[in-house]
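Here the structure comes first, spelled out in structure tokens, and everything after it is commentary.
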Amino acid sequence: MFVCMCYGVTDKDIRHAVQNEGAGNIRELRKQLDLGSQCGKCIHMAQQIIDATIIDE
Ligand code: FES
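Heads up, the sequence shown is in the numbering used here, so the first residue is -11 and it goes up one at a time.
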């Protein structure tokens, strides 16, 4: 599923960044993936996916 429509970032991309690259928050995630800097609508959902992935680990 696409989380960030502006940059074409999926929930899978975000989970991968958290699990394999150690992204623990939006700021760290954005070092690895372009998202959130156009309209910003995806930020809330991206944070939820980060939180859910960390809890699952
Ligand atoms: Fe992510 Fe617009 S949907 S910046």
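Think of the CB as a built atom: it goes at the ideal place given N, C-alpha and C, for glycine as much as any other residue. In this text, all values refer to a predicted model and were calculated from it rather than measured experimentally.
- Query: Asp39 to Glu16, Cα distance in whole Å?
  - Reply: 13 Å
- Message: Rounded to the nearest angstrom, what separates Ile42 and Gly(-4) at their Cα positions?
- Response: 22 Å
- Task: Name the two residues that bound the continuous alpha helix (DSSP H) containing Met33.
- Result: Ile31 to Asp44
- Item | Cutoff 6 Å; reference Ile37; Cβ partners in own chain excluding five residues on either side | Asp(-1) and Ile2
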